[in-house]
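Engineer: Structure below; questions to follow.
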Amino acid sequence: MIYDLIIIGAGPAGFVAGIEALKHGKNVLMMNTAAKPLLKLLASGGGACNFTHDGDAKEFLENYTVGKNFFRKQFYSYDNYSFVEYLESAGIATFCREDGKYFPQSMEAGEIRDFFLKAFLEKGRLINDCKARAASYDASTKLFNIETNCGDFEGKKLLLACGGQSYPTTGSDGSGFKLATQLGHTIVPPQPALSSVNICDHILAHASGLSFEEVELSSYSNGKKNFSAAGALIITHKGLSGPVILDNSHQLAAGMKLVINFSGASLEQTIQEIKQQKINSPNKLFSNLPIFSILSQRILEEYQNSLKMNFFHKKTADINLQEIKLAARLLSELELEIESVDSWNKAMATAGGVATSEVNPASMESRITPGLYFAGEILDILGKTGGYNIQAAYSTAKAFANNI
Ligand SMILES: Cc1cc2nc3c(=O)[nH]c(=O)nc-3n(C[C@H](O)[C@H](O)[C@H](O)COP(=O)(O)OP(=O)(O)OC[C@H]3O[C@@H](n4cnc5c(N)ncnc54)[C@H](O)[C@@H]3O)c2cc1C
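All residue numbers for the sequence shown refer to this note's numbering, where the first residue is 2 and numbers rise by one.
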């Protein structure tokens, strides 16, 4: 049997594309490495599926750290509100949380999975436990041939929606990149993204669980600054996480230095402010000065323990300049060294993938092999945490289906 369309990958991109293709009367086969479809979607948003984010188009697109210019085209056609409408019209009530993240009202990713499965399986064919090992295109017959562990399949069109390389137990193990290469495509080297970092001699380990709404983060290697960013930070028992780390983790590596500014002021300004507060409140316990209220007593304790000193418990009047400078460093220039960045098993996304310069942004068709298409995380598009990656899967899949 020759299928009109073969989709490799039963994730959100594969399903949105498949459901739309069926509406166009196509005969569709979807294959999936994992024993069950949509495993990553089920894990998303802590099982609640944060599928997109609030915000106008310009603001929304700022949240793509890779591939923004390419993605613009699909997003303008199928934006965040189009995705909300798509789910609502399927009977899935959604809501936007205070922080701008959209979820199904039920807070159950399973509700979206059930909709995808029901809509696709009415007319489409899904084979799980079926991994595509090789893909080829015969220009004379204009057919694709897919070799799998459960037989060979032929199709007139092929959509690679294999996801990236993170969480390989979901079947998204990077094998899609190999298939794209076999069909002539260039792969921007894949790298784990949206990962937490582990810190050497983690002096804040006992403060794990604490979070900060906004810190400034800078990273350095060999004394040279790589980047600065601002955002929320979470201290974990092994290191750091939270959006400011996750969204930039693909630019981080073991051995790099991180400098955290909790206060938002420069080191010099912070020194001056502490001196002023010392004049104002000489009889207060040093740790009780207002400037330290942005940190917790646990962090102050941990920090002075790491220095093998005890100055936060002193009366402010007794604090000397060296101690003021050390305290100011904690507030505005805390230096930490990265031991490691969480790798594929824990990364929530992949940076890198099929080079977007080789894909038509309007139709998602390959510029190299006619009849070959891409959608979802297999592409070199990376969104921040907050629903931007599932949105990318939706918009790219819809753009593909619109042109089929
Ligand atoms: C823990 C976690 C939480 C996340 N939370 C969020 C969130 O809240 N919001 C958000 O926007 N994003 C989140 N993401 C990212 C998001 O889930 C992915 O970006 C999204 O699922 C990508 O969709 P996709 O369809 O492109 O690929 P995937 O969902 O990865 O699906 C690809 C499918 O292809 C199959 N496959 C791969 N290779 C082959 C092959 N060779 N042959 C056959 N089948 C193959 C796999 O088995 C898989 O089922 C999270 C990711 C993780 C890991």
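Cβ atoms here follow ideal geometry from the backbone N, Cα and C, with glycine treated the same way. In this text, all values refer to a predicted model and were calculated from it rather than measured experimentally.
#1: What do you reckon, are the CB atoms on G353 and P191 nearer than 7 Å?
#2: Which residue wins for smallest C-alpha separation from F104, given the options E112, A120, T95?
#3: Using a Cβ-based criterion (distance less than 6 Å to any ligand heavy atom), does C163 qualify as near ligand 1?
#4: Please go through the same chain and pick out, in chain order, the residues whose beta-carbon is closer than 8 Å to the beta-carbon of A356, but skip the five residues on each side of it.
#5: In three-state terms, what does DSSP make of T170?
#6: Measure the CB-CB distance between S396 and Y79 and report whether it falls below 7 Å.
#7: Under a Cβ-count criterion, where at least 16 other Cβ atoms within 10 Å of its own Cβ denotes burial, should C50 be classed as buried or exposed?
#8: Put A394 into one of helix, strand or coil per three-state DSSP.
#9: Which same chain residues, not among the five before or five after E86, have their C-beta less than 7 Å away from its C-beta?
#10: Hey, A393 and S167 are a contact pair by Cβ (cut 8 Å); roughly how many whole angstroms apart?
#11: Hey, could you find the ends of the beta strand (DSSP E) K41 is sitting in?
#12: Please report the residue range of the alpha helix (DSSP H) in which S229 lies.
#13: With a Cβ-Cβ cutoff of 7 Å, do Y374 and L160 count as a contact?
#14: Measuring straight from C-alpha to C-alpha, what distance separates V216 and A44?
#15: Using CA coordinates, which residue listed in S220, S367, N81 is at the minimum distance from C97?
#16: What residue does the beta strand (DSSP E) around Q192 start on, and which one ends it?
#17: Should K132 be listed as close to ligand 1, given that the test is whether its C-beta is under 6 Å from any heavy atom?
#18: On a Cα-Cα basis, can you pick out the residue from H25, I261, D100 that is closest to E334?
#19: How many Å lie between T370 and P362 at the Cα?
#20: Please list the terminal residues of the continuous beta strand (DSSP E) segment that includes N51.
#21: Specify, as a first and last residue, the run of the alpha helix (DSSP H) that E89 falls within.
#22: What are the residues that DSSP puts in a beta bridge with T66?
#23: Under three-state DSSP, which class holds P1?
#24: If you follow the alpha helix (DSSP H) that E112 is in, where does it begin and where does it stop?
#25: Is E155 closer than 7 Å to A402 when the C-beta atoms are compared?
Structural biologist: Looking at the coordinates:
#1: Within the sequence shown, residue 353 is the residue found at index 352, counting from 1. Within the sequence shown, residue 191 is the residue found at index 190, counting from 1. The beta carbons of G353 and P191 sit closer together than 7 Å.
#2: By one-based count along the sequence shown, residue 104 stands at place 103. When only C-alpha atoms are compared, the closest one is T95.
#3: The residue labelled residue 163 in the question sits at position 162 within the sequence shown. Indeed, a heavy atom of ligand 1 lies less than 6 Å from the Cβ.
#4: Along the sequence shown, read from residue 1 onward, the residue named residue 356 stands at position 355. Scanning its chain for C-beta atoms nearer than 8 Å, with the 5 sequence neighbours on each side dropped, one finds around A356 the residues H186, T187, I188, V189, D381, in chain order.
#5: Within the sequence shown, the letter at position 169 stands for residue 170. It is helical.
#6: For the purposes of this step, residue 396 is taken as residue 395 along the sequence shown, with counting starting at 1. For the purposes of this step, residue 79 is taken as residue 78 along the sequence shown, with counting starting at 1. Cβ distance < 7 Å, so S396 and Y79 count as in contact.
#7: Along the sequence shown, one-based indexing puts residue 50 at 49. Classification of C50: buried, given that the 10 Å Cβ count is 16 or more.
#8: As a working note, residue 394 is residue 393 in the sequence shown. If DSSP states are grouped into helix, strand and coil, A394 belongs with the helices.
#9: In the sequence shown, residue 86 corresponds to position 85, counting from 1. Contacts found: none.
#10: The residue labelled residue 393 in the question sits at position 392 within the sequence shown. The residue labelled residue 167 in the question sits at position 166 within the sequence shown. About 14 Å; that fails the 8 Å criterion.
#11: Here residue 41 is taken as the residue at index 40 of the sequence shown, counted from 1. Segment 40 to 44 is the alpha helix (DSSP H) holding K41; no beta strand (DSSP E) there.
#12: Taking the sequence shown and counting its residues from 1, the one referred to as residue 229 is at position 228. First-last for S229: 225 to 236, but that is the beta strand (DSSP E), not the alpha helix (DSSP H).
#13: In the sequence shown, residue 374 corresponds to position 373, counting from 1. In the sequence shown, residue 160 corresponds to position 159, counting from 1. The answer is yes: Cβ separation under 7 Å.
#14: Reading the sequence shown from its first residue, position 215 is the one you call residue 216. Reading the sequence shown from its first residue, position 43 is the one you call residue 44. So the two alpha carbons sit approximately 28 Å from each other.
#15: Within the sequence shown, the letter at position 96 stands for residue 97. It is N81.
#16: Translated into the one-based positions of the sequence shown, residue 192 becomes position 191. Taken as a continuous stretch (DSSP letters only), the beta strand (DSSP E) holding Q192 covers 188 to 194.
#17: Working through the sequence shown from its first residue, we reach residue 132 at position 131. Checking the Cβ of K132 against ligand 1 gives yes.
#18: Stepping through the sequence shown from its first residue, residue 334 is reached at position 333. Closest option to E334, Cα to Cα, is I261.
#19: Your numbering for residue 370 matches position 369 in the sequence shown. Your numbering for residue 362 matches position 361 in the sequence shown. Rounded to the nearest angstrom, the two C-alpha atoms are 15 Å apart.
#20: Here residue 51 refers to the residue found at position 50 of the sequence shown. Run containing N51: none; DSSP gives neither H nor E here.
#21: In the sequence shown, residue 89 corresponds to position 88, counting from 1. Start and end: 81 to 90.
#22: For the purposes of this step, residue 66 is taken as the residue at position 65 of the sequence shown. BP columns for T66 are empty, so no partner.
#23: The question about residue 1 has no answer, for the chain in this structure spans 2 to 405.
#24: Counting from 1 along the sequence shown, the entry for residue 112 is found at position 111. Taken as a continuous stretch (DSSP letters only), the alpha helix (DSSP H) holding E112 covers 110 to 122.
#25: Indexing the sequence shown from 1 puts residue 402 at position 401. Indexing the sequence shown from 1 puts residue 155 at position 154. Contact: no.
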